[in-house]
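What follows is a short report on a single structure.
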Amino acid sequence: MKEMGMGPNDIPLKAGIFGAEAWSENMRRDIEGTMGIKAYDIYGLTELCGPGVSFECSDQHGMHINEDYFIAEIIDPKTGEVLPDGSLGELVFTTLDKEAFPLLRYRTRDITSLSHEQCPCGRTHVRMSRLKGRTDDMLIIRGVNVFPSQIEAVLINQGYPANYQIIVDRINNTDTLDVHVEMTPEMFTDNLGEVNKKQAELVDGLRSMLGLKAKVTLVAPKTIVRSEGKAVRVIDNRKI
Amino acid sequence: MSVKQISVFLENRPGCLHEMTKVLADSNIDLRGLSLAETSEFGIVRLIVDDVLGTATVLKDAGFINSLTDVLAVEVPNVPGGLNKVLEILDGAGVNIEYMYAILGNKKSESAYMIFRVDDNTKAADALNNARVKILDQSGLSAL
Ligand SMILES: [Zn+2]
């Protein structure tokens, strides 16, 4: 839109519904500001009914789950134990009205948290927060849960494209986290100190997001391995 | 008054510098000067060449991130104290030098040539001109 010289007032859209991909609050604000719309989050999965499991209301304060059709629970993905409101864990659904293909405590592998508090809009259906990632993507590094989406958020916040690779290893019985970030022309100058500073800012950003010290390695553009067009985001070299 | 320097990002891995010099060699690019700065994590190689834009394009096409910087190519008298005199002038003018390195002149020359990356090119050039120190432009550099 910017390239075409269009502003938020040039399109008549009022709202957009965005699902199927993990996104951040910053990305939402960006879409809303650029397009002049309200951007709503939606959640669904094919095994339940496709889109329609939960939606945001106009307060954009978590997605209301259609509890008359689905019972939602959050469990610890390792132990299966049910977790209280506010805890991050794996979302589990039981269907109440599916006849041909009912599901009992079906594990979605999606990571989120639930809240049974009343929404500012007045509805009392349980709400789920924005997806934090997938249990398949979750890494446990020095006992801390790390999601690639968190690392992506740090990069985007600091103006980098989300081009990265996470390399996890275990050296002297300690997990190491090395984030490879593709260098961009905007980031590069002839000044060693400046480039060093930008690298240090990434390390700081990762530390405050993850609560972990990560190493940042700057790599040449287009060097991060892609398979079938998609970048391989995580390489876990730990042998346990 | 200044010349363009090409700075190239190098990953910290064996063979990276050689990959870059191979790209330059394959395109018949003659290096006038080169300096390498590195940390334990990455390196920046700075190049002085005759055909700046052509070289920058060749590097970009080969996937090397690079940027152009205006630097001063200064003729330093090839006598003891020659460099000291130049530094004295810059210091006297309150110019900050971020880095500097020597480049190739011609063998018979009475002078040595150095590249200066300073915080204020105009101020530095004025001070050097006033002291009759010669600064080369791109064509002067090519003529060496
Ligand atoms: Zn609501």
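Same order as they appear, the protein sequences are chains A and B. Per my numbering, residue 1 is the first one in the first sequence, and the count goes up by one each step. Per my numbering, residue 1001 is the first one in the second sequence, and the count goes up by one each step. Here a beta-carbon is modelled for each residue, glycine too, at the ideal position from N, C-alpha and C.
If you draw a straight line from the Cα of A:E194 to the Cα of B:V1086, it comes to about 27 Å. Near ligand 1, meaning a beta-carbon closer than 6 Å to one of its heavy atoms, we find A:C57, A:D59, A:H61, A:H64, A:C119, A:C121 and A:R123. As computed with DSSP, B:Y1113 is found in a beta bridge with B:E1075 and B:I1103. Taking CB atoms only, A:K222 has a neighbour in chain B less than 8 Å away.
At a Cβ-Cβ threshold of 8 Å, B:L1059 and B:V1095 do not count as neighbours. Fully contained in the segment 23 to 63 of chain A are the following beta strand (DSSP E) runs of length 3 or more, in chain order: 38 to 45 and 50 to 56.
For A:L83, no CB of chain B lies under 8 Å from its own CB, so it is not counted at the interface with that chain. Within chain B, not a single residue places a beta-carbon under 7 Å from that of A:T124; the smallest gap is close to 53 Å. Of the other Cβ atoms in all chains shown, 16 or more fall within 10 Å of the Cβ of B:V1076; this residue is therefore buried. Between B:G1043 and B:I1115 the beta-carbon gap is near 17 Å, outside 8 Å, which marks them as no contact. If you ignore the 5 residues before and after A:R109, its C-beta comes within less than 7 Å of the C-beta of E90, R134, T135 and D136, all in its own chain and listed in chain order. Under the Cβ distance rule, B:F1116 does not count among the residues neighbouring chain A, no pair being separated by less than 8 Å. Looking at the backbone, the Cα of A:E25 and that of A:V92 are separated by about 24 Å.
Under the Cβ criterion of 8 Å, B:R1046 is counted among the residues facing chain A. In the DSSP assignment, B:L1034 falls within the unbroken beta strand (DSSP E) covering L1031 to E1038.
Here DSSP, grouped into helix, strand and coil, assigns A:G193 to helix. Per DSSP, A:Q165 is one residue of the beta strand (DSSP E) stretching across Y164 to I171. Interface criterion not met: the Cβ of A:T176 is under 8 Å from no Cβ in chain B. A direct Cα-Cα distance of roughly 27 Å separates A:D169 from A:I75. Within the same chain, and ignoring the five residues on either side of B:V1052 in sequence, the residues whose Cβ sits closer than 6 Å to its Cβ are K1004. Collapsing the DSSP output to three states places A:M128 in a strand. Going by DSSP, B:D1091 is part of the alpha helix (DSSP H) stretching over G1082 to G1092.
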